[in-house]
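*Asks:* Would you mind keeping the following structure in view while I ask a few things?
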Amino acid sequence: MVGCLHPLQSFPATEPDPTRFEGITCGIDAASPLDTILEAIVGDLGARTVRLTGVDRSLYHAAAVLISNDAVALAAAATRAWTLAGLPESAAREALVPLLLGAAGNIAAHPLAEALTGPVARGDVGTVQSHLDALARDPALRELYRALGAELLRLPLGHAESVEARLHALLDSNGASG
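Position one of the sequence shown corresponds to residue 118 (this note's numbering), numbered consecutively onward.
In structure tokens, the structure reads:
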């Protein structure tokens, strides 16, 4: 029997811990009777399953990479912006991780548009422009900020059309301003 069991969880190589399965989702792609066996194992570990049969597994895995691996990339980028501001790198994690955990808590508790805080959520064009101006010191960070901001604009934020247009002009990669 051959099948696929893919847990949506980050498992650091140095800390194997089976309790990290509690409450997570595991993708399963297997024919009977293996599918039933895998579902039982996943259930015993305290996780839930999602069927991957007929699903584009590359996109499933890309979604996992975007939320997990790219969170690490965002932490690295935020640390770079922190140090560009003149703050010590040694204090970045202590200051920024609680913010990340708060955002994750908001995402878990609310629809995405309601979980969002910050200048794009508020429609604060001036602050977004100020951030882009400051990030001009690191073009890669600036482009990352723009790309992520443009993705946020895909959420139903309820801004006035004029505010939405100004934010798009600043954040879209082909925007005329910013």
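For every residue, glycine included, the Cβ atom is placed at its ideal position computed from N, Cα and C. Fair warning: this is a prediction, and the values are worked out from it, not measured in the lab.
Would you kindly work out how many angstroms separate the C-alpha atoms of Gly120 and Ser149, rounded to a whole number?
*Replies:* Whole-angstrom Cα-Cα distance: 10 Å.
*Asks:* With a Cβ-Cβ cutoff of 8 Å, do Leu272 and Leu213 count as a contact?
*Replies:* no
*Asks:* Just checking my contact of Leu169 with Ile145 at CB under 8 Å: how many whole Å lie between their CB atoms?
*Replies:* 6 Å
*Asks:* Looking at Leu287 and Val242, is the spacing between their C-beta atoms short of 8 Å?
*Replies:* yes
*Asks:* Judging by CA-CA distance, which residue of Ser175, Ala226, Gly266 and Ala221 is the nearest neighbour of Gly240?
*Replies:* Ranking Ser175, Ala226, Gly266 and Ala221 by CA distance to the CA of Gly240 puts Gly266 first.
*Asks:* Let me know the secondary structure DSSP gives Ala164 once reduced to three states.
*Replies:* coil
*Asks:* Taking just the CA atoms, how far does Ala226 sit from Gly235?
*Replies:* 17 Å
*Asks:* Would you check if the distance between the CB atom of Leu261 and the CB atom of Leu284 is smaller than 8 Å?
*Replies:* no
*Asks:* When you compare the CB positions of Leu155 and Phe138, do they come within less than 8 Å of one another, or not?
*Replies:* Taking 8 Å as the Cβ cut-off, Leu155 and Phe138 do not qualify as a contacting pair.
*Asks:* Does the beta-carbon distance from Arg165 to Thr142 come in below 8 Å?
*Replies:* yes
*Asks:* Just verifying my parser: in three-state terms, what is the DSSP assignment at His178?
*Replies:* helix
*Asks:* According to DSSP, simplified to helix, strand and coil, what is Leu122?
*Replies:* strand
*Asks:* For Leu252, is the classification buried or exposed, using 16 other Cβ atoms within 10 angstroms of its Cβ as the cut-off for buried?
*Replies:* Taking every protein chain shown into account, the CB of Leu252 has 16 or more other CB atoms within 10 angstroms, so this residue is buried.
*Asks:* Work out the CA separation of Leu249 and Ala221 for me, nearest whole Å.
*Replies:* 24 Å
*Asks:* Run through the DSSP bridge pairs and tell me what Thr114 is partnered with.
*Replies:* Past the edges of the chain, shown from 118 to 295, lies residue 114, and the structure says nothing about it.
*Asks:* Is it buried or exposed for Arg254, if we count other Cβ within 10 angstroms and need 16 for buried?
*Replies:* exposed
*Asks:* Ala188 and Thr196 - do their beta-carbons sit closer together than 8 Å?
*Replies:* no
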